[in-house]
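Sequential numbering from 1 applies to the sequence shown in UniProt numbering. The structure under discussion appears below in the form of structure tokens.
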Amino acid sequence: MNIVTSIIGSNLPNRLRPLLEIIFKRKEGLKVVVISVAGAFRKGKSFLLNFFLEYVYNLHKSQQSDTSLEWLTDDCQLHGFHWRAGVKRDTVGIWLWGEPIMIESVTGEMFAVLLMDTQGTFDNNSTYQQCMTVFALSTIVSSVQIYNVVDNIQEDALQHLSLFVEYGRMAMEQPHNFGKPFQQLVFCVRDFKNQEEYEFGENGGTDFLDNVLQTNPEQPEEIKAVRELLREYFEDIQCYLLPHPGYKVAERQSFRGHVKDLRPLFREELKKMVPNLLGPHNLKPKIVNGKTVTCRKMIQYFKEYAASFDGETLPQPQSILNANAKLICIEAAHEAKVNYCRGMDRSTYGTRMMSEKKLLEAHIKHGITALNIYDKCPKIGSKEVRSLLLEKLQEDINAELERYKRLNEAKRVTGCASAMLACGDSVFLGIGLGSAASGAIAGAVLTLQAGVVSLGIVAIPISLTTLFFIWAYVWTKPCFEKITNKNK
């Protein structure tokens, strides 16, 4: 199963959320690893992703059955993301595999691995803005962005990364920064031909990338800046050199994903590269603003980042920064609201109705604590974003107060007993009622012994005695509940 959502068009954030909720169903609390492949169109991104899919599914099965991992065997046939040979584009927008795959890391922690395919950049049907939006969104939300290029790392491929260099500079200049803003960037150079100078795989790729990122005085400042600063803003940058997959794969429409049709050298290099990127010892969950991201949070992150790019202009570094600021404020506001509700739950615990004065005192106390929690969140990006979410937090707290008022009102006991409780829950009130009831009963007995039968006099002690027992029940029930809870 796979689910597609196109990034081209309007109202993207609202369309993303229900799709992501389906994908992450019942996995909300797990940390998520997002693997994305991006690059020029018709260069085999979807084809490459199917090897990732084959590996992680076989890894999952081997971990579940506690058996050795076997993958890319002769009888294997690739399935998953659609691909085809030819010159017409095959992927539009962003495709997400329809379920995260559960992988146990080397530490024993379970991660949800999500694979993402993207529309090829700079085809004949998409604008520059659309292409950069796809590329920017996939890079920002991924733990590992695999930049798929063919034969060489051209200058335009590096220039597409200039947006992230500029954003990285802005993020690192903020009063509170969380370290490098991006995680892992992997250049995957396909159909590499210069094997005599650089060997296939990671070692040759490292030497090749070092050569590509060298600077010289003749280069324009913009080109030099990307080369010099790229490592400053990504936690890890790698490069893998892959050979051609073989004639049967690249030049024939009849290829149906059978591994036995792959060129043996290509197959062996894949068996080295893929575990190095997706193996249990190398998996790293997505981190945003210094915190690991769960599947539940990823839904909100996708929505906010997509909203910042859902316009008619090119994505700007400030838009990314403001999206990050909003995510920080949303998380702080959620923590503040939860803290307020927990405090109010403790203050309103019990079956007795509180006086309105006490309820408002509790609201003020826990409301101030909540606002202090929100105020301590890191201050980055636009002040307007922070102010808008502060207003929303205040509205949410006031709405919660109304809810606690209704719950408190529901505890009201009708009639005279309500009046007793609302007067302040005074113990002397109960003693007074008890004394009045006892006196009334004694008077009624004397009256009856004198031979005067009065229904009114008999009714008075009955009423007062009833009220006394109602008060006694309401007063003592919370005490018995506390004793019972302690004994459990």
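The beta-carbon is built from N, C-alpha and C at its ideal position, and this holds for glycine as well.
Exposure of residue i, with buried meaning 16 or more beta-carbon neighbours within 10 Å
i: Gly29; result: exposed
i: Thr414; result: Reliability of the predicted coordinates at Thr414 is poor, the pLDDT of 47 falling under 50, and the value obtained from them is presented with this limitation in mind. Its Cβ having fewer than 16 others within 10 Å, Thr414 is exposed.
i: Glu269; result: buried
i: Ser426; result: With a pLDDT of 49 at Ser426, under the threshold of 50, the modelled position of this residue cannot be trusted; read the value that follows with caution. Exposed: under 16 other Cβ atoms inside 10 Å.
i: Cys188; result: buried
i: Ser46; result: buried
i: Gly86; result: In this prediction, Gly86 has a pLDDT of 38, which is less than 50 and means its spatial position is unreliable; nothing more can be read from the coordinates.
i: Ser143; result: buried
i: Leu388; result: exposed
i: Tyr340; result: buried
i: Lys326; result: buried
i: Ala410; result: exposed
i: Arg386; result: buried
i: Met381; result: Note on identity: in this sequence residue 381 is Gly, with Met being the wrong assignment. So Gly381 ends up on the buried side.
i: Asp75; result: exposed
i: Ile146; result: buried
i: Val106; result: exposed
i: Asp156; result: exposed
i: Ser138; result: buried
i: Tyr349; result: exposed
i: Lys376; result: exposed
i: Lys27; result: buried
i: Lys88; result: With a pLDDT of 42 at Lys88, under the threshold of 50, the modelled position of this residue cannot be trusted, and the question is left open.
Nearest-angstrom Cβ-Cβ length linking residue i and residue j, presumed shorter than 8 Å
i: Leu305; j: Ile94; result: Correcting the residue type first, residue 305 is Tyr in the shown sequence and not Leu. Not a contact, Cβ separation roughly 11 Å.
i: Val56; j: Leu278; result: 6 Å
i: Met354; j: Asn408; result: 5 Å
i: Asp207; j: Tyr198; result: 6 Å
i: Leu163; j: Pro264; result: So it is not a contact: roughly 39 Å between Cβ atoms.
i: Val134; j: Gln119; result: 5 Å
i: Ile287; j: Val293; result: 7 Å
Nearest neighbour of residue i, chosen from the options [CA to CA]
i: Lys31; options: Leu114, Leu53, His244 and Lys45; result: Leu114
i: Glu54; options: Ser65, Glu70 and Lys358; result: Glu70
i: Cys239; options: Gly205, His258 and Asn216; result: Gly205
i: Ser62; options: Val37, Asp117, Pro280 and Ser143; result: Pro280
i: Lys284; options: Phe111, Cys76 and Leu78; result: Phe111
i: Lys260; options: Phe51, Thr73, Ser65 and Val56; result: Thr73
i: residue 494; options: Glu335, Glu202 and Lys405; result: Outside the displayed span of the chain (1 to 488) sits residue 494, for which this structure offers no information.
i: Tyr247; options: Leu241, Ala225 and Phe266; result: Phe266
i: Gln214; options: Arg256, Leu158 and Arg346; result: Leu158
i: Cys329; options: Asn194, Gly290, Pro378 and Arg352; result: Pro378
i: Ala332; options: Leu390, Gln316 and Thr118; result: Leu390
i: residue 499; options: Leu20, Glu202 and Tyr349; result: There is no way to answer for residue 499, as the model of the chain reaches only from 1 to 488.
i: Val165; options: Glu202, Glu218 and Arg227; result: Arg227
i: Arg412; options: Arg352, Phe178, Gln64 and Asp151; result: Arg352
i: Asn194; options: Asn152, Ile368, Ala40 and Met170; result: Asn152
i: Glu109; options: Asp345, Arg296, Ile368 and Val33; result: Val33
i: Lys25; options: Glu384, Lys376, Ile368 and Lys297; result: Lys297
i: residue 491; options: Met132, Asn58 and Gly80; result: A query on residue 491 cannot be resolved here, the shown segment of the chain reaching from 1 to 488 and no further.
i: Gly80; options: Ser65, Thr67, Ser68 and Leu96; result: Leu96
CB contact flag (residue i, residue j, <8 Å)
i: Ile35; j: Pro100; result: no
i: Ile103; j: His160; result: no
i: Lys271; j: Asn148; result: no
i: residue 577; j: Phe51; result: Given a span of 1 to 488 for the chain in the structure shown, any question on residue 577 remains unanswerable.
i: Asp191; j: His258; result: no
i: Leu393; j: Lys337; result: yes
i: Lys405; j: Leu371; result: no
i: Arg256; j: Gln130; result: no
i: Ala136; j: Phe309; result: yes
i: Leu242; j: Phe200; result: yes
i: Asp117; j: Leu49; result: yes
i: Asn276; j: Glu202; result: yes
Chain D within 8 Å of residue i, Cβ atoms only
i: Val33; result: In summary, chain D is missing from the structure at hand, where a single protein chain is found.
Proximity test, residue i beta-carbon vs the ligand MG heavy atom, cut-off 7 Å
i: Met132; result: Only the bare structure without any ligand can be found here, which leaves the ligand MG out of the picture.
Given 8 Å, three or more beta-carbon pairs between the stretch 167-186 and the stretch 319-327: yes
- prompt: Is the stretch 181-188 close to the stretch 227-242, with three or more CB pairs under 8 Å?
  reply: Contact check between the stretch 181-188 and the stretch 227-242: three or more CB pairs, one atom from each, fall below 8 Å, which counts as touching.
query: Counting pairs of beta carbons, one from the stretch 360-377 and one from the stretch 395-404, are three or more of them closer than 8 Å?
result: yes
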